[in-house]
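Report on the following structure.
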Amino acid sequence: MRFGISPLCELGLSLRAIRDPSQYPLQLPWLRRTEEARSRLDHEGLLALVDDRLWTPDFLNPRPESPLTRIDDEFAALERISAEQFHGDLIRVHGDVPAVFAGPVGPAIRRMVRILREFWDTCFAPHWLRMRTILESDIVYRGRQIAQGGLFTMLNDLSGAVEFDGRVISVRLKNPASRTETTDGLGLTLVPTMFTRRASAPVNHGDPPLLMYPARGQGAMWETERVTNPAAIVAVLGEVRTSLLTALAAPASSTELGLRFGVTTSAVNQHLRVLRDAGLVTSTRYGHSVLYFRSELGASLLLG
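Here the sequence shown stands for residues 842 to 1145, numbered as in our numbering.
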């Protein structure tokens, strides 16, 4: 079993929020912030990649090899998909090939990739650092769950739609058709995402097992955080450090914390160093980021 992050998967799944915003209330701030930029995009092409059931073609849900996948690499792979896969995945979602992608396959694929690149550049790139931090923080949290409680605890905490009995992982999807996928020799890839409410999986039967589940911490994504601090702890640590300690119930990077509290990353780093030196927070390197989280001592201090 492995964890991965796929920027292309996130991009494709976000089309569901555009198609039916009422299903994704946590992402309404993103929809509002990107509304003007989206008005300049090829809507016909974008919406041809999602249907009324909010299904997306599997070529938009690639199996990431690591948590460090780059969108440019995924776009390059998407440009090389075969005509059979391009048409087959669209037909499995829509029943036929949407008119916007009918005709010669080469130009259709190039148009799709161009549309998705423009979508990424205008609506995702400005926010991806913060999004990715939340996705990475979720993976770190799941790793701690495995270390402390084992796979059983971690898998049964992914979503209300996911159950693990020690042998089989059962996933309840909107698709009423029941199917069984084996992980023998293939493994299972778990992908946190901002754009699924319960759980999602590829449409195609027989593909390498992939499970997309809702990432933790989405509620704090778009709003500057306001924390009510206990006066006694503020008197000792100061308001900013107490706020940071309170926020670190879940792992976060200094960049994410700066965005959440509206202060510079360098200022956050200074405060985090003091908290770490005092033993109130710990840190771990994850890819190119350093993630901080509250230590047992820090948790005990807040609980009084």
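Ideal placement from N, C-alpha and C gives every residue a C-beta, glycine not left out.
Between which two residues does the alpha helix (DSSP H) holding residue i run?
i       : result
Glu1137 : 1137 to 1144
Val946  : 946 to 960
Pro870  : 869 to 874
Val938  : Careful: Val938 lies outside any alpha helix (DSSP H) and carries neither H nor E.
Output the boundary residues of the beta strand (DSSP E) element that contains residue i.
i       : result
Leu1004 : One detail in the question is off: residue 1004 reads as Glu in this sequence, not Leu. Counting along the chain, the beta strand (DSSP E) containing Glu1004 begins and ends at 1003 to 1005.
Val1012 : 1010 to 1012
Leu1052 : 1051 to 1055
Leu996  : No beta strand (DSSP E) holds Leu996; the alpha helix (DSSP H) holding it covers 969 to 996.
Thr963  : Thr963 -> no beta strand (DSSP E), and no H or E assigned at all.
Thr1021 : Taken as a continuous stretch (DSSP letters only), Thr1021 belongs to no beta strand (DSSP E), as it is neither H nor E.
Leu1031 : 1030 to 1034
Applying the 10 Å Cβ sphere with the 16-neighbour rule, what's the burial state of residue i?
i       : result
Ser1095 : buried
Ile859  : buried
Glu885  : exposed
Leu849  : buried
Arg843  : exposed
Ala1093 : buried
Using beta-carbon positions only, say whether residue i and residue j come within less than 8 Å of one another.
i       : j       : result
Arg1038 : Pro1055 : yes
Leu901  : Leu890  : yes
Ile953  : Glu851  : In the sequence under discussion, the amino acid at residue 953 is Met, which differs from the Ile named in the question. Cβ atoms of Met953 and Glu851: not closer than 8 Å.
Val1122 : Gly1099 : no
Leu887  : Ile956  : yes
Val934  : Thr897  : yes
Asp899  : Val1003 : no
Glu977  : Ser1107 : no
Leu1144 : Ile1074 : no
Given this structure, state the Cα-to-Cα distance separating residue i from residue j, to the nearest angstrom.
i       : j       : result
Pro1013 : Ser1019 : According to the sequence provided, residue 1013 is Arg. The question's Pro does not apply to it. About 9 Å.
Pro847  : Pro905  : Note that residue 847 corresponds to Ser in the displayed sequence, not to Pro. Straight-line Cα distance between these residues: approximately 6 Å.
Met1035 : Gly1007 : 27 Å
Arg921  : Ala1090 : 43 Å
Ile975  : Gly845  : 13 Å
Ala1042 : Cys964  : 24 Å
Ala1040 : Phe960  : 24 Å
Ala949  : Arg874  : 29 Å
Thr1125 : Tyr1133 : 7 Å
Val941  : Ser1136 : 53 Å
Val1009 : Ile980  : 21 Å
Gly1058 : Leu867  : 10 Å
Ala918  : Arg951  : 12 Å
Val946  : Asp930  : 13 Å
Report yes or no: is there a C-beta of chain C within less than 8 Å of the C-beta of residue i?
i       : result
Val1122 : Protein chains in the displayed structure number just one, and chain C is not present.
Taking contact to mean at least 3 C-beta pairs separated by less than 8 Å, is the stretch 1112 to 1119 in contact with the stretch 1085 to 1092?
yes
Kindly confirm or deny that the stretch 871 to 882 and the stretch 909 to 919 touch, where touching means at least three C-beta pairs closer than 8 Å.
no
Do the stretch 1046 to 1053 and the stretch 1023 to 1031 make contact, defined as three or more Cβ pairs closer than 8 Å?
yes
Please confirm if the stretch 977 to 986 is in contact with the stretch 994 to 1003, defined as three or more CB-CB distances below 8 Å between the two stretches.
yes
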